[in-house]
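Protein chains in written order, with this note's numbering: chain A, 3 to 673; chain B, 3 to 673; chain C, 3 to 673.
Cβ atoms here follow ideal geometry from the backbone N, Cα and C, with glycine treated the same way.
Working notes for the structure below.
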Amino acid sequence: MKKFVLPNLYFGGDYTPEHFPREVMLEDMRLMKKAGVNIVTINVFSWAQLQPNEDTWTFEWLDDIMDTLAKNGIFADLGTATASTPAWMAKKYPEILPVDANGIRYNHGSRQTFNPNSPKYRELSHILVRTIAERYQKHPALAMWHVNNELSQLVNYDYSEITARKFRDWCKDRFGTCENMNRKWGLHFWGNNIYEWDELMPPMKTAHQVNTSLLLDWKRFTNECYMEVAREEIKILREITPDIPITTNFLYEFKMLDYFAWADLIDFISVSSFPDPKITNHPGEAALSHDIMRGLKDQPFVLLEQAPSQVNWRLANVNKKPGVMRLWSHQGMAHGSDSFLFFQWRASVHGSEKFHSAMVPHIGENSRVFREMCQFGNELPGLKEVVGADVQAEVAIVMDYNNWWTVEFTPGPTALLDYLQMLKDYHYPLFEQNITTDIVPCDRDLNRYKVVIAPLLYMVKPGFKESVEKFVSEGGTFITTFFSGAVNEFDEVFEGGYPGPLSDLMGLKVEEFEAMKPYVNNSLVMNGTLEELTGEFESRLWCDILQLGTAQPLAVYGSDFFKGTPALTVNEFGKGKAYYVATMPEHGFLRNFLKKVCADQGVSPVVEAPDNVEAVVRSKDGEPFLFVMNHNYEAVEVTLPEGTYIDLLTQEKLTGTISMESVQSVILKKV
Amino acid sequence: MKKFVLPNLYFGGDYTPEHFPREVMLEDMRLMKKAGVNIVTINVFSWAQLQPNEDTWTFEWLDDIMDTLAKNGIFADLGTATASTPAWMAKKYPEILPVDANGIRYNHGSRQTFNPNSPKYRELSHILVRTIAERYQKHPALAMWHVNNELSQLVNYDYSEITARKFRDWCKDRFGTCENMNRKWGLHFWGNNIYEWDELMPPMKTAHQVNTSLLLDWKRFTNECYMEVAREEIKILREITPDIPITTNFLYEFKMLDYFAWADLIDFISVSSFPDPKITNHPGEAALSHDIMRGLKDQPFVLLEQAPSQVNWRLANVNKKPGVMRLWSHQGMAHGSDSFLFFQWRASVHGSEKFHSAMVPHIGENSRVFREMCQFGNELPGLKEVVGADVQAEVAIVMDYNNWWTVEFTPGPTALLDYLQMLKDYHYPLFEQNITTDIVPCDRDLNRYKVVIAPLLYMVKPGFKESVEKFVSEGGTFITTFFSGAVNEFDEVFEGGYPGPLSDLMGLKVEEFEAMKPYVNNSLVMNGTLEELTGEFESRLWCDILQLGTAQPLAVYGSDFFKGTPALTVNEFGKGKAYYVATMPEHGFLRNFLKKVCADQGVSPVVEAPDNVEAVVRSKDGEPFLFVMNHNYEAVEVTLPEGTYIDLLTQEKLTGTISMESVQSVILKKV
Amino acid sequence: MKKFVLPNLYFGGDYTPEHFPREVMLEDMRLMKKAGVNIVTINVFSWAQLQPNEDTWTFEWLDDIMDTLAKNGIFADLGTATASTPAWMAKKYPEILPVDANGIRYNHGSRQTFNPNSPKYRELSHILVRTIAERYQKHPALAMWHVNNELSQLVNYDYSEITARKFRDWCKDRFGTCENMNRKWGLHFWGNNIYEWDELMPPMKTAHQVNTSLLLDWKRFTNECYMEVAREEIKILREITPDIPITTNFLYEFKMLDYFAWADLIDFISVSSFPDPKITNHPGEAALSHDIMRGLKDQPFVLLEQAPSQVNWRLANVNKKPGVMRLWSHQGMAHGSDSFLFFQWRASVHGSEKFHSAMVPHIGENSRVFREMCQFGNELPGLKEVVGADVQAEVAIVMDYNNWWTVEFTPGPTALLDYLQMLKDYHYPLFEQNITTDIVPCDRDLNRYKVVIAPLLYMVKPGFKESVEKFVSEGGTFITTFFSGAVNEFDEVFEGGYPGPLSDLMGLKVEEFEAMKPYVNNSLVMNGTLEELTGEFESRLWCDILQLGTAQPLAVYGSDFFKGTPALTVNEFGKGKAYYVATMPEHGFLRNFLKKVCADQGVSPVVEAPDNVEAVVRSKDGEPFLFVMNHNYEAVEVTLPEGTYIDLLTQEKLTGTISMESVQSVILKKV
């Protein structure tokens, strides 16, 4: 993938001056300059304002905004305005409205209420995108395109007849014949065989569970439908403005779309990032989000939406405490974000989000939140040289959206499986020890890493076996867990015992599994092979009962009828090692186990620091930038690695042990 | 508002003799006389019995009931029978059936299953009401009209195309142009602008949240539709029986209707009152309900439905223990109820409510419940002179249904906001200290009170600023809380900081707010200005962070980053004071704080009594009636205010300290 | 009822070789022989495979399976394949799809998605059943017919217009006139009277509760509709294969169907039995299920589906520990099961149930689960002589599905009533003491028992009063509880006080009842009359407040206003006694109380054994078989009744005290 580097270190927010009297926009220009804002996202939801009916266009207000921005030296992340359809369209063309699994049609009245497969939605949105692109292609304010918005988030699936027909065609393309599809999906189960394509139904309301392979392909299909929506907008934009970079904003915590598949579509990844600012929040959550976003293209990305302070959609919404907005933005940069935009510039006075925080709150300029924005924005230019630098990681965690989908669609063995939580369970222990992690898809080259972890890899796709066997045989360390290697890419079980194609590598087979009730534990009793890790550790959620081939046990279960049988194993494979974790160990165990496994491969922490002090290195042209971030709400002492550093924001020289205030961050360059 | 006084102190219940063999009715007459019953509510749900098809009327059975009642000296609260539509109507005119937000039409088979806006429902119900009114206009049993029943309770909204069209017309009347509506509602947010009226949709199923101003006006519109249903029935009744008083029964604990707007429609307010008789229930709950009902017209009202013992619709339904039915009825009278009816006279043997208690239980006359009814009914005439007396209150709490609706529709800042609970939070501490409270709407004259409290007054309507500023400047004390003065009557935020129009009066602005997670606390640390209140008190739910103007701090926060900033303030304004409570303090604090504020204004308890002993004064022509009610399930001693009293029920003379049995009440007149 | 005895002691499982390559079937034959399998259930869901479109039949694959089975000496429990409709049928005849209470039609895509009343479904399913029956009528593999599958479980009700019309006809047949129905159902309540049959609606979405008598008859009607589905299939089968026994599988824990009404339809009862194998599960749960199934025809039955180890549909699914599958199968036999089939033979690789356990797991033959199956299957022939033996019980519990339905449909007095739990509450204490219990319907002859218990007999049907009065007057002991005798078979309350027709027998009336809040207790204070039971015992859920006639109190309440009034009574009636338990006592009380009541009647435990050791006797031709089962997960000592026994599985001779391993069972014959 060609590396894309932003031409600028952008700072700004979502902006809707058209919701206010015009004089407010002029006041905004003053405040933006005061805060150091150099970009705003506009035009995301304004289709109805641009096109009050099918035959009328009203671009004057948008021209005015673009011109005002340009006059004030501020760039636009220009939305394609396709994220919210006008009311007249729903009335004139009801087909643009999505349909739910009960067959009930949605109504106009919110946002994203469109059927992604409606030909009329496509046609009208293309006219809109082309019109906007042609109008502003040469405009000096135009910095980047913002395609649609958080696609599929609110309409996860459409079940209209339009989409059903398209799904049938998609399946026909994929399988050729009904018979082949019946076989690959196992539709003979419960006699759901199809003999004519028009017998195939999307997974709508029916008496009991729908075939899991169908659900998986329905999800893949829907992902592709939404990709098509984006691709077609992008095609128009590239034709008219080949040099303007294009993005669309992702959301890390949901599984609706396969973002790895999306990565090639756009020039750079951007994300809406809203961790809960309650003080008990784990700082690894944002780190994991950032690592995923960076991993999608294996490149820097952009934090396109953060909250200046609180959001409005949690049960109860707490503020970002003083300094946290700055700390979390710096954390974003440490993990690869090269620009910082916030939702929203000015607090709205109408609608659903009027109590979502804004860079300019309802009370206005004289406010903590705006003051912090000014500080952050004005010191940001000092970090410009970091833009484009690479994050340094020797450990990778495999993440696969198809796997996420299907392992959670499957009825049983336990509804307590949570793939994202499993990723966190393996990511956080590394994060806490300042071992930086890349997130990689199944088909990425693993050989640049020293340690690769694939938690809960239920689905093993073609090619992964070969890739990971090569990686281990050449000296890498691989870790996988229970309920891995169970099914292929069609959700067909590998017969003969899990982990199926990974059995040779892991040196074992799973004879049976036990899904544990909530609050029931088992334990790992270490057998002394790993000197660093002795004693007994709690485990929960699941126990695989193993038949070992070439694998050696490192721990056995402490209870239940399989007490004394292997719970953790290692298999020597070529020059490397493959570990199998057959249950879900307690957090403390994983911290020490992963530390040991990393140390064996020569992977060590970026900085040995107190709890909740994070350290990450980005480097560019061989020059490292050291980010040190104190996530504690109290001051700590941190000993820097040997050398003398310059603080990019203060130009101060630092060496040895430094004092860090509560939620302080420093970004250092070695001198 | 002209004062209406009932001609009688009524006692009775809901009555459906047509569900039993005729001989049971004759037995009922004997039992009613034994119990002292002088009124029954009849004909509420009997449309289908009166009109078996569109062309046939069968009034004979109702004539028989009316005649039998008259012959036995019992009056009728005569229902208009419009609360339940006949099955033939649903079949013949499906338009009378309501439609839900998914577009799914309801079916016949329960009660209240009608579309309030159906022209056919209106037409047929008017024929029915006119027929009944004409038939019984001169009937000696006719004492009052009971219009429909608990309107809107079961069909909160109708989303039929009939109603959608009406809503569009309503909006057109309200806003004149789409553009004006777009602007006032802020429909530009998420691009939901409307350019033609028929583009406007009721808030039906859509992909995400609907505009909050639209929701508010949709609620107002629906309230008006139901008012129209009642008004049209009333118009017919007034035309035919101008001298017969009219009511319809309300429910205090729901926010479906704006009862202040309804108050003028009817001659007197009546209510269905069903507090949970579990012994842990707070006796303030019923008191608040009664205070609201009295406040609607600022006049006495009627307890039109109480349960003789248990209801049947809670998770588990406990009995009213011996004496509680009498105690709670006397409590109702203390707060303004001038008659007492129960649901239901005789336990039904069919249908949904057969295990709801009745004055005559399934076992019949030989039962505790019936014996208690006889005692209560036979002593009731002793209280006749109380009818029409006014409740004495110097403190008022502002209640506003529009505010209730919109503060709970708003997504964020926290879903934990509960307006009714906030009213309780301020009402109960006063109740517990025997400081009687009126409940008043925003537009009532405040100057007759010494203390006015407006909890969570999120919406400030035009005129309230002037009214409350006048009240305070002339010497009154005003208290409001966090998240007040945030929006105007269109749900548009007041820019420049909350509490918006109340900022001058309160002498402060809100810089930011923090919605607290469940189980997270902050505290108020008193700064010594209020001598009576020192120390630290827990607070929860919310913290406003304030910028003080002329206000003086009385307490500061005890923790979080805004520790030490004001949490409770007072502002001298003219001759009065305005207090701002920026967080939700613990109950004990509010008790003491409100006591102190009242004492400063010379407002003192009716009686200083032990816990859970309530005292209220009603007075008529200068003569006070003192109600003392022991809500404890054990005996207590109560010291009466100076003087000698006569117990209206026993004619005993009382003075000084009296003993009160468990759940005993006394109603006293000074001699 | 004529007694049916299976010709064989069958062992096997659900089998779908058509989902695998043909060579797997040949391997299966080897494994089945190894395990001792002699029957498989096939063809349950394979309609779509047999009939790919309306004009085409493809029986070759099923011929092959049947022939292969026959060749290998394995019998077929042959499904009629009507449990899952083909996709083409839904497309061609949408009427076969059921409709929900909102009027939304289901879609094809799962199983059991058919409208039981669709004439087209009936027609096509009859063609199918006839075709299968004619084809295999003489086939040597055919051992029994498996009609449809777990009928109604997934489509509890159909609300299509087809069914609505049929329901109207059913009501017309039942009531003759609308007026009669109005009266019996009490449709005058809330004015829901019907004057023409087509005004009657099934209980679809409406504004509030639907008439409870209508709900009850709607349930009865639906039960009959599903019976009709089965009866029509059975009629065809009996016509073509008069000598082949017929069954269909039931599910004990649901109340969808009235299985007592079904019992006559089929030759023997079979059941899908899936107790949760977590170690805290009460072994009485399976015992109750088995006792119900045996009680349906008062004959042995068949465990047609058990799980070899875990299922896949609980929140988290644990394994059957080693030995438990065998223990639970032996428990099934102890209670009357004469054959043992498992779901499923070979673990599927597709669809919803791929992580449900199988006799042959994914890993294959070399597995604990398969080894246990081999052990169990190979020792099973030793138990052949038990087949057809009767279970010996002197105590009966009355169970009535109509009662179950209606007591839980009724709004109030408390939603905490759970009829099945009440049956358990009275069954488990007997089970724990090895007092074997029959489950009987209301209309079975009670006089063969010594003690009859009817918990929560809300509905008393015609004839029961006479039956139970005869039983008691002749010396029997009867026990019933609170909220019994409240309504008749139309759900009409018996006026004059519960327990209505049982009042004479019980010698009391219920004056009022108190439904208790969760976590609130009262108590029974014994008055000394029962010497064995003194002291105070907790009670919960409900308290009836009684007026005693001839009954004598045994215990009084310990608290609340009815403290000191009777909570437990006995009435001498003829030669027998009738006990009334007016509240829900704690488990320990019921254990001792039931023990005492049984002892008074000379009913004693089969074996006095340690906790969780179960003993049951079946006998044939006067010869008893003693089943002793250790449900503990540890070894115990058990003292056998006097005599010498032979262990049918080991041929070992046993006498006196024996050691039983964890989860061990022995089946003994006296020598």
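| message | Residues of the stretch 506-539 of chain A in Cβ contact with chain C at a cutoff of 9 angstroms, in chain order, please. | response | K511, V512, E513, E514, F515, E516, A517, M518, K519, P520, V522
| If you draw a straight line from the C-alpha of V304(A) to the C-alpha of H148(A), how long is it? | Those two C-alpha atoms are separated by around 12 angstroms.
| query | Hey, how far is the Cα of E516(C) from the Cα of N321(B)? | reply | 6 angstroms
| task | List the residues of chain B that L130(A) touches, going by C-beta distances under 7 angstroms, in chain order. | result | Ordered by position in chain B, no residue passes the 7 angstroms Cβ test against L130(A), which lies about 11 angstroms from the chain.
| request: Consult DSSP for S505(B) and reduce its assignment to one of helix, strand or coil. | output: helix
| query | Is it buried or exposed for R373(B), if we count other Cβ within 10 angstroms and need 16 for buried? | reply | exposed
| message | If I measure Cβ to Cβ from A72(B) and keep anything under 8 angstroms in the same chain, skipping five residues before and after, which residues do I get? | response | H141, P142, A143
| field | Nearest neighbour of P244(C), chosen from Y254(C), D269(C), A232(C), T224(C) [CA to CA] | value | D269(C)
| task | Mind checking the stretch 54-76 of chain A against chain C and listing, in chain order, the residues whose C-beta falls within less than 7 angstroms of any C-beta there? | result | none
| query | Buried or exposed: where does Q346(B) fall if 16 or more other Cβ atoms within 10 Å of its Cβ makes it buried? | reply | buried
| said: Using beta carbons (cut-off 8 angstroms, strictly below), is Y197(B) in contact with chain E? | reply: Among the chains of the structure shown, chain E does not appear; the protein chains present are A, B and C.
| task | Buried or exposed for A37(A), please, with buried defined as at least 16 other CB atoms from any protein chain shown within 10 angstroms of its CB. | result | buried
| field | 4-residue-minimum alpha helix (DSSP H) runs that sit fully inside the stretch 230-290 of chain B, ordered along the chain | value | 261-264
| query | Near T659(C), which residues of its chain fall below 6 angstroms by C-beta distance, leaving aside the five closest residues on each side in sequence? | reply | Same-chain partners within the cutoff: E639, T641.
| query | What separation, rounded to the nearest whole angstrom, lies between the Cα atoms of G297(B) and C444(B)? | reply | 12 angstroms
| request: Per DSSP, which residues does P555(B) bridge with? Please list them. | output: T571(B)
| Rounded distance between the beta-carbons of F191(A) and N213(A), thought under 8 angstroms | Between N213(A) and F191(A) a beta carbon distance of about 7 angstroms is seen, short of the 8 angstroms cut, so the two are scored as contacting.
| request: Name the two residues that bound the continuous alpha helix (DSSP H) containing Y123(B). | output: 121-138
| task | Give the interface partners of V101(A) over in chain C, defined as CB-CB distance under 9 angstroms, in chain order. | result | Residues of chain C passing the Cβ test: none, with the nearest at roughly 12 angstroms.
| Which first and last residues belong to the beta strand (DSSP E) in which L305(B) is found? | Per DSSP, L305(B) is one residue of the beta strand (DSSP E) stretching across 303-308.
| query | By DSSP, does N158(B) sit in helix, in strand, or in coil? | reply | coil
| task | Kindly indicate which three-state DSSP category Q549(C) falls into: helix, strand or coil? | result | Look at Q549(C) here: in three-state DSSP terms it is strand.
| message | Please give me, in chain order, every unbroken run of the beta strand (DSSP E) with length at least 3 that falls completely inside the stretch 465-534 of chain A. | response | 479-483, 510-517, 524-528
| said: Under 8 angstroms, with one C-beta from each stretch per pair, do the stretch 304-318 of chain B and the stretch 459-475 of chain B reach the 3-pair mark? | reply: no
| query | Of all the CB atoms in chain C, is at least one closer than 8 angstroms to the CB of P415(A)? | reply | yes
| message | Let's see if you can read the secondary structure: which residues bound the alpha helix (DSSP H) around Y430(A)? | response | 421-434
| query | According to the neighbour-count rule (16 or more other Cβ atoms, all chains shown, within 10 Å of its Cβ), is Y1(A) buried or exposed? | reply | Residue 1(A) lies beyond the stretch modelled for chain A, which goes from 3 to 673, so this question has no answer here.
| request: Can you grab the Cα-Cα spacing for the pair L8(B) / N632(B), in whole Å? | output: 28 angstroms
| What's the C-alpha gap between R542(A) and N319(C)? | 13 angstroms
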